[in-house]
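Data first, discussion second: the structure below is written as structure tokens.
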Amino acid sequence: MLFNSQVFIIGFLPIVLSLYYALAAHKAARQALVVVASLAFYGWWDVRFVPLLAGLTLANWLIAQWFGRVRAGWIPLLGVALNLAVLGLFKYADFLRGTVYGAFGGDWQPWQLILPLGMSFFVFQKISYLIDLKRGDRHIYGFLDFCMFVTFFPQLIAGPLVRHNEIIPQFAADPRRPEMWENLSRGFILFIIGVAKKVALADTLAMLADPLFAKALTGPLSAAEAWTACGAYTLQIYFDFSGYSDMAIGLALMFGLRLPFNFNAPYCAVSIRDFWRRWHMTLSRFLRDYLYIPLGGNRCSPPRQALNVVATMLLGGLWHGANWTFVAWGGLHGAALAVNHIWQDRGLRMPRALAWAVTLLFVMACWMLFRSPDFTHAGQGLLAMLGTNGIGSLPLKQEDVAVLAGGAAIALLGPTSQEAALRMLRPHPWLAVPAGAGLAYLLLLVGGRLPNVFIYFQF
Amino acid sequence: MSSSTSSSNPWRRFFRLAVGAAAVAAGVIYAFVVLVDPFDTLPLSPPLDRVPVAGNARFAFPSLARSDRFDSALFGTSTSRLLRPAALDPAFGARFANLAMNDATAYEQSRLFDVFRRAHQAPRMVMVGLDVRWCATGDTLEMFTPRAFPAWMYGANRWRGYAEMLNMYAVQEAGQLFGILIGAKPPTYGRDGYTSFVPPDSEYDAARVAEHLRQETGASTPPGPRIGPPAAWRFAALEMLAGDLAKLPASTRRVLFFVPYNHVRLWSPDSPIAAVWDECKRRVVAMAQGQPNTLVVDFMRPSPITENDDNYWDSLHYRVAIADRLARDLAAASRGVASDDYRVLAVSPE
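Residue numbers (the numbering used here), protein chains in the order written: chain H, 2 to 460; chain U, 525 to 874.
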């Protein structure tokens, strides 16, 4: 079930939220409700994977319990290995087999295992908990607390990557506390903002970017087309992912729970370090705390430090998808971060506007690699942006121009969603009514857009 | 209850207003759509004088296919779209609905045929315009085009439609139908499904058409793999058609006709493409001979219709007067009259 679906917005959410507040006085009951609802939410996509989710949840909880009694350091590592094995099987088995067979030759057939939805997030979240245990964290949670932490549906599919110690302590608080209405209101508005970013902006931008990237598979793009494709995708991926995070954070807040922020105006970044402090912040935090720092972090020599950051980002890239283009994308960001470190260590400076432009151009070029199916097409796309196929032209419809310009303005000039919903919002009735009406409009968009008028006859 | 959760809490009022506004706005829009019922498909919609409105005929025609105002139906693509029921009805003594849909795949036509058949136990006539889509070869069937196909409309459970009314297209079409119902807009389709999609004949420009035809040279080629001799080829769409026609009672008159492509779309007799069309026509004849009460007429051949460019808007679409001539020709062929316009490929008795 998607957050931006009618069945979720009209059916699932009102029912679960109402029952949650009806059971608010009973911690175990409201937690059990959330766990059952979350499993239903997950099973709506494919019920066959519910046993896998439930089984892994139980296995991780049992491992934590075992560690709580025995306190042997290898037990959490066993859990980490279990989680990585499951992720490796579902997400990377064909990728690794293809790489090996590609290197050594031989016929092979992909297993084509379906990657269970949210598996990448689920596994990273459990790994962070198990490594925290290994590092001396003493939190051994009860079964319901742990199940709710793992399955809580707002963050189950695509994060934010929440740490156990920043959400499980919140479960004890009665949601019917004095700030309940404020939480419901701010969460509802943040959810609407997220739906708008996803449905009105990201999906519209995809209708501009997708045909151009499809065209690039069959022939060369002009510079105008390549820049439009790259620009549209740059905005699309931001509004898509940050919109989803906004929906997740807003939903959690409606249940009285605070999730960490995930985006903070990333395209305003003036360096690549700055970018990664603003983009998918909970993943950056995970990579820093569970990869980069254990590798030595900033405490080693500059060359080793550079190696550490590149290695961290290579793995971060691989996490995004089982394709060498993702690995290379991570590697490029890692190399840029290493250069950024050296630049700062030497006290070099760049005018702020120039630093912003260089950062954004680098990020956009990397998105071209991220979006392309292989290196050949990524290279062709980047060369097209440099004008090797001519400047060309691309007649854009008014709505295309509007969504590009509007999207860029929101991404670069507007307040972030969390600032708007959690800090700036005041309980004025004249804001509530248009916000609600806006959600009704988004519900229509979610239901189906107006189809393109087919130019079939040209008499 | 603390003061901050009491009724004086401004956030409480804010939340209720926001949720209420969303619910009222969505509810009013939904109520409008289901009351107008733009696709005339909901079981509880009020008895308004609805006409087909949806620009995508896949949405507009299931209700016509169910309607008891018709006892006969014409299926096909835009190459059959201009055949007027008003011309077919007196020629055959039937009440036709023109259910030909622009760019429809054979599968989409079959789904619509199924809706018609379920609603009409013993239709008087079923007519199918055969074109390149029906002669595709291979095991796989092309199912859909980029146009939306509302599969829920084609099933037996019409209550399902209530879950499909909260979207931009339904709202737009409800607005269109409402405009027609209050007399603010003229209808788009005829009540029998007929619509002329070509410009008025007064705008016909022979020089412009000639330019179109010059650009459209190249015989029409059925898609799909063809391995081995023609007799080994599989025509999945025709197999589906045979199954559909076999479900009709013997009393139903089946008329299949190959549509008249302009000569620029026809093939030379010794070309590889000719082998495909010849085999397709041979299969249709064989199918007809296995069905009762069936007539197969071939307009897709060099003839006074196809050889004259002035009969066409483009290589696939003829003028309205030619559509009326086709209706007369089909009636004549049904009576066993010969003509240079067509060739009767098969006739099977009831």
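Ideal placement from N, C-alpha and C gives every residue a C-beta, glycine not left out.
Inset, instruction - Closer than 9 Å, Cβ to Cβ, to anything on chain H: give me those residues from the segment 677–695 of chain U, in chain order. - result: 687, 688, 689, 690, 691, 692, 693, 694 and 695
Legend entry - chain H within 8 Å of residue 546/U, Cβ atoms only: Closer than 8 Å: yes.
Legend entry - DSSP bridge partner residues for residue 653/U (one or two, in chain order): 781/U
Inset, instruction - Could you pull out every unbroken beta strand (DSSP E) segment of at least 3 residues lying fully inside the segment 727–803 of chain U, listed in chain order? - result: 777–782, all fully within the segment 727–803 of chain U.
Legend entry - Cβ neighbour criterion (16 or more within 10 Å) applied to residue 425/H: Per the 10 Å Cβ criterion, exposed.
Inset, instruction - State the Cα-Cα distance for the pair residue 6/H and residue 444/H, rounded to the nearest angstrom. - result: 8 Å
Inset, instruction - Starting from the Cα of residue 608/U, find the closest Cα among 835/U, 762/U, 717/U and 828/U and give me that residue. - result: 717/U
Legend entry - The beta strand (DSSP E) enclosing residue 818/U, as first and last residue numbers: 818–822
Legend entry - Residues near residue 456/H in its chain [Cβ-Cβ closer than 6 Å; skip 5 each side]: Here residue 456/H scores only 49 on pLDDT, less than 50, and its place in the model is too uncertain to base an answer on.
Legend entry - Residue-chain proximity (residue 780/U, chain H), Cβ-Cβ < 8 Å: no
Inset, instruction - Give every residue of the same chain whose Cβ lies closer than 6 Å to the Cβ of residue 564/U, excluding the five residues on either side of it in the sequence, and list them in chain order. - result: 574 and 587
Inset, instruction - Note down the Cα distance separating residue 645/U from residue 771/U, rounded to an integer number of angstroms. - result: Straight across, the Cα-Cα distance linking residue 645/U with residue 771/U is about 10 Å.
Inset, instruction - Determine the direct distance from the alpha carbon of residue 171/H to that of residue 525/U, and round the result to whole angstroms. - result: Below a pLDDT of 50, predicted positions are generally treated as unreliable, and residue 525/U, at 37, falls in that range; no measurement from the model is reported.
Inset, instruction - Starting from the Cα of residue 603/U, find the closest Cα among 715/U, 769/U and 824/U and give me that residue. - result: 824/U
Legend entry - Spatial distance of residue 452/H from residue 697/U (CA atoms): 12 Å
Inset, instruction - Give the secondary structure of residue 855/U by DSSP, where H, G and I count as helix, E and B as strand, and everything else as coil. - result: In the structure shown, residue 855/U sits in a helix (DSSP, three-state: H, G or I).
Legend entry - Best match in 181/H, 263/H, 245/H and 164/H for proximity to residue 195/H [C-alpha to C-alpha]: 245/H
Inset, instruction - In angstroms with no decimal places, state the Cα-to-Cα distance between residue 688/U and residue 583/U. - result: Between residue 688/U and residue 583/U, the C-alpha separation is close to 12 Å.
Inset, instruction - Counting only the same chain and skipping the five closest in sequence on each side, list residues whose C-beta sits under 8 Å from that of residue 192/H. - result: 4, 247, 248, 251, 252 and 255
Inset, instruction - Taking residue 566/U as the query, report the chain H residues whose CB atoms sit under 7 Å from its CB, ordered along the chain. - result: The contacting residues do not exist; residue 566/U stays about 16 Å from chain H at best.
Legend entry - C-beta atoms of residue 339/H and residue 310/H nearer than 8 Å: yes
Legend entry - Given 8 Å, three or more beta-carbon pairs between the segment 180–191 of chain H and the segment 149–159 of chain H: no
Legend entry - Contained alpha helix (DSSP H) runs [length at least 4] in the segment 128–167 of chain H, N- to C-terminal order: 144–152 and 154–157
Legend entry - Cβ-Cβ separation, residue 209/H to residue 216/H (assumed contact under 8 Å), whole Å: Residue 216/H to residue 209/H, Cβ: 12 Å. No contact.
Inset, instruction - To the nearest angstrom, report how far apart residue 764/U and residue 730/U are at their CA atoms. - result: 39 Å
Legend entry - Chain-ordered neighbours of residue 541/U on chain H, where CB pairs are closer than 8 Å: 430, 433, 434 and 437
Legend entry - Beta-carbon neighbours of residue 576/U, restricted to chain H and to distances below 8 Å: Those do not exist, as residue 576/U stays about 16 Å from chain H at its closest Cβ, beyond 8 Å.
Inset, instruction - Excluding the 5 residues preceding and the 5 following residue 229/H in the sequence, name in chain order all residues of the same chain whose CB lies nearer than 6 Å to its CB. - result: For residue 229/H, where only same-chain residues beyond five positions count, the Cβ hits under 6 Å are 395.
Inset, instruction - Would you tell me roughly how many angstroms separate the C-alpha atoms of residue 239/H and residue 203/H, rounded to the nearest one? - result: 8 Å
Legend entry - Neighbour-count burial assignment, residue 187/H, 16 or more Cβ in a 10 Å radius: By the neighbour-count rule (16 or more Cβ atoms within 10 Å), residue 187/H is buried.
Inset, instruction - Would you identify the three-state DSSP class for residue 538/U, choosing helix, strand or coil? - result: Helix, per DSSP.
Legend entry - Cutoff 8 Å: residue 159/H Cβ touching any chain U Cβ: no
Inset, instruction - Could you say if the segment 784–800 of chain U and the segment 605–624 of chain U meet the contact criterion of at least three C-beta pairs nearer than 8 Å? - result: no
Inset, instruction - Taking only the alpha-carbon atoms, compute the straight-line gap between residue 121/H and residue 88/H and give it to the nearest angstrom. - result: Rounded to whole angstroms, the gap between the alpha carbons of residue 121/H and residue 88/H is 7 Å.
Inset, instruction - Just mark residue 527/U as buried or exposed, buried being the case when its beta carbon has 16 or more other beta carbons within 10 Å. - result: In this prediction, residue 527/U scores a pLDDT of 40, lower than 50, which makes its location untrustworthy; no coordinate-derived value is stated.
Legend entry - Residue range of the unbroken beta strand (DSSP E) whose run includes residue 260/H: Unbroken run through residue 260/H: none, as it is neither H nor E.
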